[in-house]
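Colleague: Per the numbering used here, residue 143 is the first one in the sequence shown, and the count goes up by one each step.
Glycine included, every Cβ here is placed at the ideal spot set by N, Cα and C.
Values in this document were obtained by computation on a predicted structure and should not be read as measured data.
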Amino acid sequence: MAAHEDNPPFVSKGNGKRQQLRHDPNVQELQSGTRVTTAYMKKRSKDIWSEEEVAEGSHYDDLADPRPQPEYEIILKQSVGTEDLFLGLSGKDPSSMCCEAMLVKIKLPDTMATDVVLDVKEKFLDLRTPKHKLGLHLPRAIHSQEGKAQFFSERGELEVTLLLKRSMDFINTQ
Numbered sequence: 143m144a145a146h147e148d149n150p151p152f153v154s155k156g157n158g159k160r161q162q163l164r165h166d167p168n169v170q171e172l173q174s175g176t177r178v179t180t181a182y183m184k185k186r187s188k189d190i191w192s193e194e195e196v197a198e199g200s201h202y203d204d205l206a207d208p209r210p211q212p213e214y215e216i217i218l219k220q221s222v223g224t225e226d227l228f229l230g231l232s233g234k235d236p237s238s239m240c241c242e243a244m245l246v247k248i249k250l251p252d253t254m255a256t257d258v259v260l261d262v263k264e265k266f267l268d269l270r271t272p273k274h275k276l277g278l279h280l281p282r283a284i285h286s287q288e289g290k291a292q293f294f295s296e297r298g299e300l301e302v303t304l305l306l307k308r309s310m311d312f313i314n315t316q
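#1: Starting from Ala243, trace the beta strand (DSSP E) in both directions and tell me its first and last residue.
#2: Contact check, Arg270 vs Val259 under 8 Å by CB: the rounded distance?
#3: Take the Cβ of Leu248 as the centre, count every other Cβ of all protein chains shown within 10 Å, and call the residue buried at 16 or more, exposed below.
#4: Along the chain, which unbroken stretches of the alpha helix (DSSP H) at least 4 residues long are found entirely within the segment 205-293?
#5: With contact counted as at least three CB pairs below 8 Å, one residue from each stretch, are the segment 212-220 and the segment 233-246 in contact?
#6: Short of 6 Å in beta carbon distance, which residues of its chain neighbour Ala317, apart from the five on each side in sequence? Order them along the chain.
#7: For a test of the three-state rule: what should DSSP assign to Glu296, helix, strand or coil?
#8: Give the straight-line distance between the Cα atoms of Gly223 and Asp207, rounded to the nearest whole angstrom.
#9: To the nearest angstrom, how far is it from the Cα of Met254 to the Cα of Met239?
#10: Below 8 Å between beta carbons: does that hold for Leu267 and Pro212?
#11: Out of Ser286, Glu296, Pro281, point me to the one whose CA is closest to Glu215's CA.
#12: May I have the straight-line CA-CA distance separating Arg297 from Ala291, to the nearest angstrom?
#13: Apart from the five residues just before and just after Ser286, which ones in its own chain have a Cβ nearer than 7 Å to its Cβ?
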C-alpha cells in the first residue's frame, strides 16, 4: 500500500482519532502495508554482519589455505632518555599509552627474504611466504606508510617496526 501525496497515510489511535504519519527516512512500508524501521529490515536480512561490523583485513582470511601460521610476538616500544630515567621530566610513564612503536617479531624458518610478501594496513598485517601465512589483526592502530621491516636470515626471523597512531599525541611529546 503506497502512500500518495494527496492521500497521506493515517494511523488510528485508541481514542478513535486518526493521526497523520510524517515521512521518516528510517521507516519503510512493506507490501502488506505494515510500517517498520530500517533497523528491523536489516535484522530480517540473511546477512550475519553489516558492512560496518566486518573488521579490516577480514577479506585476507582464507580458511581453505593449508599453510600454517608462523610464531609471532608483539612488543610495544618506548623511547626513553636520561631525563625520563633519572628525573622524570618528560611526563612519560611505563604504560602502553606512552609507547611510540610496535615491534612484531615473526619466526620464518627455512625462508629467504625474497620469498616474503608483506602488506600492512592501519589495523592489519598480512604476511605471505610459500610455507607460511599470517593475517594479524593489530591491537592498536598504526601509521601504515611509516615503518620498517628487517629480515634476519641467520635466525630466520622478520622484525617489523610500526609507528603507533597515538590518541594522546599532544600530551606524549617525543
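Modeller: A quick look at the data gives this:
#1: The residue given as residue 243 occupies position 101 in the sequence shown. Note, Ala243: beta strand (DSSP E), 243-249.
#2: Counting from 1 along the sequence shown, the entry for residue 270 is found at position 128. Counting from 1 along the sequence shown, the entry for residue 259 is found at position 117. Contact holds; Cβ gap of about 4 Å.
#3: Stepping through the sequence shown from its first residue, residue 248 is reached at position 106. As written in the sequence, residue 248 is Ile, which differs from the Leu given in the question. The residue in question, Ile248, is buried, as its Cβ has 16 or more Cβ neighbours within 10 Å.
#4: Counting only runs of at least 4 residues, the segment 205-293 fully encloses no alpha helix (DSSP H) element at all.
#5: Between the segment 212-220 and the segment 233-246, the count of C-beta pairs closer than 8 Å reaches three or more; the two stretches touch.
#6: Absent from the model: residue 317. The displayed extent of the chain is 143 to 316, so no value can be given.
#7: Walking along the sequence shown from the start, residue 296 turns up at place 154. Coil.
#8: The residue given as residue 223 occupies position 81 in the sequence shown. The residue given as residue 207 occupies position 65 in the sequence shown. Approximately 45 Å between the Cα atoms of the pair.
#9: As a first step, residue 254 must be located in the sequence shown, where it is residue number 112. As a first step, residue 239 must be located in the sequence shown, where it is residue number 97. Rounded to whole angstroms, Met254 to Met239 spans 35 Å at the Cα level.
#10: Here residue 267 refers to the residue found at position 125 of the sequence shown. Here residue 212 refers to the residue found at position 70 of the sequence shown. In this structure, Leu267 keeps its C-beta atom at 8 Å or more from the C-beta atom of Pro212.
#11: Taking the first residue of the sequence shown as position 1, residue 215 is located at position 73. Ranking the options by Cα distance to Glu215, first place goes to Pro281.
#12: Indexing the sequence shown from 1 puts residue 297 at position 155. Indexing the sequence shown from 1 puts residue 291 at position 149. Straight across, the Cα-Cα distance linking Arg297 with Ala291 is about 15 Å.
#13: Translated into positions along the sequence shown, residue 286 becomes position 144. The beta carbon of Ser286 sits closer than 7 Å to those of Val262, Lys263, Glu264, all from its chain and outside the five residues before and after it, given in chain order.
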